[in-house]
Amino acid sequence: MFSLLVNIPANAKWAQNGVTIAGGHGYGDVINQLNFPLGLFVDDDQTVVIADFRNHRIMQWKIGDTTNGQVVAGGNGAGNGLNQLNYPTDVLIDKVTDSLIICDRDIRRVVRWSRRSGTTQGEILFDNIYCWGLAMDEQRCLYVSNTEKHE
Numbered sequence: 001m002f003s004l005l006v007n008i009p010a011n012a013k014w015a016q017n018g019v020t021i022a023g024g025h026g027y028g029d030v031i032n033q034l035n036f037p038l039g040l041f042v043d044d045d046q047t048v049v050i051a052d053f054r055n056h057r058i059m060q061w062k063i064g065d066t067t068n069g070q071v072v073a074g075g076n077g078a079g080n081g082l083n084q085l086n087y088p089t090d091v092l093i094d095k096v097t098d099s100l101i102i103c104d105r106d107i108r109r110v111v112r113w114s115r116r117s118g119t120t121q122g123e124i125l126f127d128n129i130y131c132w133g134l135a136m137d138e139q140r141c142l143y144v145s146n147t148e149k150h151e
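Numbering of the sequence shown is given in full-length UniProt numbering, commencing with residue 1 and proceeding in unit increments.
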């Protein structure tokens, strides 16, 4: 496993220009639009996944290909089915299991959704949690914030 710690000086200067890699076509629900994007995650392969909150889906892009976003979880309207999300707030990629871990806020659950081709639904990892944010450390310990319980 490779780890890199970078010390960013307090007086570091950043370029003031950026590049849009997802969305950028106003809010909406077509493949090149987002509606209230929240959590995002970028993996080592420069794959970007975004929790598209009001579209009840997780979108994915490869950096350098800003026109070919794809729905990789949800996208079947808001609901509590295993093929649906309901206001997802955060997402991360677990490379070991080749899956997405998703905070599915309004259904009060954390779900895992395989990234393998043909996957049409997720599985519940935790329920009864009003999650907002996710993180995973190098030992694959999953950290989940619970806004309802302030933890």
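From the three backbone atoms N, C-alpha and C, an ideal C-beta is built for every residue, glycine too.
Source: prediction; values computed, not measured.
*asked:* Residues in the same chain with beta-carbon distance under 6 Å from Gln46, minus the five sequence neighbours each way, listed in chain order, please.
replied: Within the sequence shown, residue 46 is the residue found at index 46, counting from 1. Ile63, listed in sequence order.
*From Ile21, Asp94 and Gly18, residue whose alpha carbon lies closest to that of Gln139*: As a working mapping, residue 139 is identified with position 139 in the sequence shown. Ranking the options by Cα distance to Gln139, first place goes to Asp94.
*Output the distance between the C-alpha atoms of Ser145 and Ile129, rounded to the nearest integer angstrom.*
What you label residue 145 is simply residue 145 of the sequence shown in a count that begins at 1. What you label residue 129 is simply residue 129 of the sequence shown in a count that begins at 1. Going from the Cα of Ser145 to the Cα of Ile129 covers about 9 Å.
_Own chain, CB closer than 7 Å to Thr147, minus 5 neighbours either side, in chain order_ = Taking the first residue of the sequence shown as position 1, residue 147 is located at position 147. The beta carbon of Thr147 is closer than 7 Å to those of Tyr130 and Trp132 in its chain, skipping five residues each way along the sequence.
*Counting only the same chain and skipping the five closest in sequence on each side, list residues whose C-beta sits under 6 Å from that of Asp43.*
On the sequence shown, residue 43 is found 43 positions in, with the first residue counted as 1. If we look at Asp43 and ignore the five residues flanking it on each side, its Cβ neighbours are Ile93.
*Can you give me the Cβ contacts of Asn32 inside the same chain, cut-off strictly under 8 Å, excluding the 5 residues immediately before and after it?*
Here the question's residue 32 lines up with position 32 in the sequence shown. So the list reads Gly23, Gly24, His25, Thr67 and Gly69, once near-sequence residues are dropped.
*asked:* Short of 7 Å in beta carbon distance, which residues of its chain neighbour Arg57, apart from the five on each side in sequence? Order them along the chain.
replied: The sequence position of residue 57 within the sequence shown is 57, counting from 1. Here the set comprises Val71, Ala73, Gly74, Gly75 and Leu85.
*Under 8 Å Cβ to Cβ from Ala135, same chain only, skipping five residues before and after it: list those, please.*
Here residue 135 refers to the residue found at position 135 when the sequence shown is read from its first residue. If we look at Ala135 and ignore the five residues flanking it on each side, its Cβ neighbours are Leu92, Leu142 and Tyr143.
*asked:* Considering Cα atoms alone, identify which of Ile21, Asn80, Pro9 and Leu34 is closest to Gly122.
replied: Position 122 of the sequence shown, counting from 1, holds the residue named residue 122. For Gly122, the closest of Ile21, Asn80, Pro9 and Leu34 by C-alpha to C-alpha distance is Asn80.
*Keeping to the same chain, check which residues put their C-beta closer than 8 Å to that of Asp106; ignore five residues upstream and five downstream.*
Position 106 of the sequence shown, counted from the first residue, corresponds to residue 106. Beyond the five residues adjoining it in sequence on each side, Asp106 comes within less than 8 Å, by CB distance, of Ala78, Asn86 and Tyr87 in the same chain, given in chain order.
*Are the CB atoms of Trp113 and Ile124 nearer to each other than 8 Å?*
Stepping through the sequence shown from its first residue, residue 113 is reached at position 113. Stepping through the sequence shown from its first residue, residue 124 is reached at position 124. The Cβ atoms of Trp113 and Ile124 lie no closer than 8 Å to each other.
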